[in-house]
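Just so we're aligned, residue 0 is where the sequence shown starts under the working numbering, counting upward by one. Every residue gets a Cβ at the ideal spot worked out from N, C-alpha and C, and that includes glycine.
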Amino acid sequence: MDPTGEASRDWSRSAAAYEHGRRSVGGGAATSVRAGWRPHPLFFTHGSGPRIVDVDGHSYVDHVLGWGPLLLGHAHPVVTAAAHAQLDRGVLFGSSSPAEVTAARRFLAALGWAERMLWTNTGTEAVQIALRLARAHTGRDVVVKLGGGYHGWHDTVLAGYRDYGDDGVARGHSAGQPASALTDLRVARYGDLPGTAALLEREAGRVAAILVDPTSSNTGSVEPPPGYLAGLRALADTHGAVLIFDEVVSGLRLSLAGATGRFGVVPDLATYGKAIGSGIAVAAVAGRGDVVDLVTRGVVHSGTFNGNPLATAAVLATLDVLGADGVYPALDRAAVALADDLRAVAVRAGHVVDVRALGATVVATPGVERVAGPDDFLRADPTWWSHELIPRMLAHGIYLLPGGRLFLSTEHGAAEHDETVAAFAAVLTRIRPPVTARPPSRTATHRGRPTWDSSTGRSS
Ligand SMILES: Cc1ncc(COP(=O)(O)O)c(C=O)c1O
0 MDPTGEASRD
10 WSRSAAAYEH
20 GRRSVGGGAA
30 TSVRAGWRPH
40 PLFFTHGSGP
50 RIVDVDGHSY
60 VDHVLGWGPL
70 LLGHAHPVVT
80 AAAHAQLDRG
90 VLFGSSSPAE
100 VTAARRFLAA
110 LGWAERMLWT
120 NTGTEAVQIA
130 LRLARAHTGR
140 DVVVKLGGGY
150 HGWHDTVLAG
160 YRDYGDDGVA
170 RGHSAGQPAS
180 ALTDLRVARY
190 GDLPGTAALL
200 EREAGRVAAI
210 LVDPTSSNTG
220 SVEPPPGYLA
230 GLRALADTHG
240 AVLIFDEVVS
250 GLRLSLAGAT
260 GRFGVVPDLA
270 TYGKAIGSGI
280 AVAAVAGRGD
290 VVDLVTRGVV
300 HSGTFNGNPL
310 ATAAVLATLD
320 VLGADGVYPA
330 LDRAAVALAD
340 DLRAVAVRAG
350 HVVDVRALGA
360 TVVATPGVER
370 VAGPDDFLRA
380 DPTWWSHELI
390 PRMLAHGIYL
400 LPGGRLFLST
410 EHGAAEHDET
420 VAAFAAVLTR
430 IRPPVTARPP
440 SRTATHRGRP
450 TWDSSTGRSS
């Protein structure tokens, strides 16, 4: 406690490590977003199950979970044993290994709808190869993405939710991103089927792919509006475009078959990453055999580490754990219970915070009564979560992501639930209520919208 009675922790070792690290690691952290952490990036030494420990010796309930991959928590024994066994047998053969095929068959069986898949290493790469397949399949170049969603950091799709206007033309999001890389990118509003249909009409005969994160994971984490994904499916069919679901976040997190399994609409291709390797870098594209098989007819798919045996061992172990009876109902129940309790705390404190559960994720949006889609999410109080809440929750031993998402793992139990809720209650009595957003203007464009956190247009 500090003299005012507020919880506090000494992070001097993390602060020193950050200052020291800045001299050798650009920005002092491995990604731009992590470098922006307040008060500074924390340095961690180890994690176990739902908890993580920093260099100052503090333990936290971890709701960051590696920005999503750790759906089984830290150092899950089944994954760790599989990885150890593979480490002993070698981790890179520069050719195929049986596990590559076994894991592919198991993964396709878990999805239930896809005929073929490709291995790669990160979500960014998975989206890259999916777009290349779609362009090769259609002989077209234009990609329509929805709602400024984050699909990785490559130049051709990096355009955040503030980086486009009503004309659908995207602007770059990063310094150094060439304008030429964005000439074939268009952006339509998530949830707006008529607007998307009009954009597709304007671009008739030019659109290779519609790229959508079904649950808009980085801008709201919402259930798709009724009929929305089916509407996108129909639009893709009408216009001869490939429908790509970016399931890098929702894959395995919402169900074994991800958002596709949950909402029942089948894309042509889908991308996966994050949770499929439980923290070991691995990603994949799955989908129609005739589209994926274009890798045998001119589409270049490369990657030194693609399908490496350590990664595929991790996928198999992850599927073993997640395939057990009752795993997903338990995750869903835990998320609903946490959302309910956090919402009740906010109501008691008189703070307007929309709290919702989606699969193994809870999402809190300050200053908004109800988030139905990214447009509502973008009206959140810009600083309440990151500047007011996160540092204080850290002091109470709760490690949170910017942007309002709390990830859960199979290892989070009653103790973690109670600690998170108690910390939220304690912190809410000490911070100002979020600024309540006005209802959205019917004529508003995405241009110049306030951003409520510098990191919410992308993640990791
Ligand atoms: C929806 C979505 N797609 C793609 C990516 C890129 O994945 P990676 O960071 O593994 O390259 C992310 C990362 O956060 C994501 O959230």
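Does any heavy atom of ligand 1 sit closer than 7 Å to the C-beta of residue i?
| i | result |
| --- | --- |
| residue 73 | no |
| residue 272 | yes |
| residue 217 | yes |
| residue 245 | yes |
| residue 166 | no |
| residue 282 | yes |
| residue 212 | yes |
| residue 189 | no |
| residue 411 | no |
| residue 150 | yes |
| residue 360 | no |
| residue 126 | yes |
| residue 302 | no |
| residue 121 | yes |
| residue 221 | no |
| residue 241 | no |
| residue 248 | yes |
Please state whether DSSP places residue i in a helix, a strand or coil.
| i | result |
| --- | --- |
| residue 43 | strand |
| residue 275 | helix |
| residue 406 | strand |
| residue 136 | helix |
| residue 63 | coil |
| residue 430 | coil |
| residue 26 | helix |
| residue 73 | strand |
| residue 115 | strand |
| residue 10 | coil |
| residue 324 | coil |
| residue 194 | helix |
| residue 4 | coil |
| residue 145 | strand |
| residue 20 | helix |
| residue 250 | strand |
| residue 457 | Its pLDDT being 47, under 50, residue 457 is placed unreliably in this model, and the value from its coordinates should be taken loosely. Looking at residue 457 - three-state DSSP - the assignment turns out to be coil, as it is neither helix nor strand. |
| residue 58 | strand |
| residue 500 | Nothing about residue 500 can be reported from this structure: the residues present for the chain run from 0 to 459 only. |
| residue 156 | coil |
| residue 169 | strand |
| residue 284 | strand |
Excluding the 5 residues flanking residue i on each side, which residues of the same chain have their C-beta closer than 7 Å to its C-beta?
| i | result |
| --- | --- |
| residue 117 | 128, 283, 284, 291, 294 and 300 |
| residue 455 | At residue 455 the pLDDT is 45, less than 50, meaning the model places this residue with poor confidence and gives no usable figure here. |
| residue 427 | 344, 345, 348 and 350 |
| residue 90 | 307, 308 and 309 |
Please report the residue range of the beta strand (DSSP E) in which residue i lies.
| i | result |
| --- | --- |
| residue 469 | Missing from the structure shown is residue 469; the chain here goes from 0 to 459 and no further. |
| residue 365 | 360 to 365 |
| residue 52 | 50 to 53 |
| residue 187 | 184 to 187 |
| residue 356 | 352 to 357 |
Would you mind reading off the limits of the alpha helix (DSSP H) that contains residue i?
| i | result |
| --- | --- |
| residue 461 | Outside the modelled stretch of the chain, which goes from 0 to 459, sits residue 461, for which no answer is possible. |
| residue 88 | 76 to 88 |
| residue 106 | 97 to 110 |
| residue 434 | Looking at the DSSP string, residue 434 is not in any alpha helix (DSSP H), and its letter there is neither H nor E. |
| residue 376 | 373 to 376 |
| residue 245 | Not the alpha helix (DSSP H): residue 245 falls in the beta strand (DSSP E), residues 241 to 245. |
| residue 257 | 257 to 262 |
| residue 231 | 227 to 238 |
| residue 291 | 288 to 291 |
| residue 33 | 31 to 34 |
By Cβ distance below 6 Å, which residues in the same chain neighbour residue i in space, the five residues on each side in sequence not counted?
| i | result |
| --- | --- |
| residue 102 | 311, 314 and 315 |
| residue 396 | 59 |
| residue 33 | 40 |
| residue 63 | 398 and 400 |
What does a CB cutoff of less than 8 Å around residue i pick up in its chain, not counting 5 residues either side in sequence?
| i | result |
| --- | --- |
| residue 444 | Confidence at residue 444 is low in this model, with a pLDDT of 42, below 50, so its placement is unreliable and no value can be given for it. |
| residue 156 | 126, 130, 142, 144, 150, 184 and 210 |
| residue 229 | 264 |
| residue 86 | 309 |
Do residue i and ligand 3 come close, with the Cβ less than 7 Å from some heavy atom?
| i | result |
| --- | --- |
| residue 66 | Inclusion of ligand 3 in the displayed structure is not the case, the ligand content consisting of ligand 1 alone. |
- Determine contact between the segment 54 to 72 and the segment 10 to 27, defined as no fewer than three beta-carbon pairs at a distance below 8 Å. yes
- Quick one: any contact between the segment 337 to 345 and the segment 175 to 183, if contact means 3 or more CB pairs under 8 Å? no
- Task: Could you tell me whether the segment 253 to 268 touches the segment 105 to 123, using the rule of 3 or more Cβ pairs below 8 Å?
- Result: yes
- Message: Contact between the segment 223 to 241 and the segment 266 to 273 is defined here as three or more beta-carbon pairs at a separation below 8 Å; is this criterion met?
- Response: yes
- Message: Pairs of beta-carbons, one from the segment 356 to 366 and one from the segment 382 to 390, closer than 8 Å: are there three or more?
- Response: yes
- Would you be able to state if there are at least three C-beta pairs under 8 Å between the segment 220 to 228 and the segment 77 to 85? no
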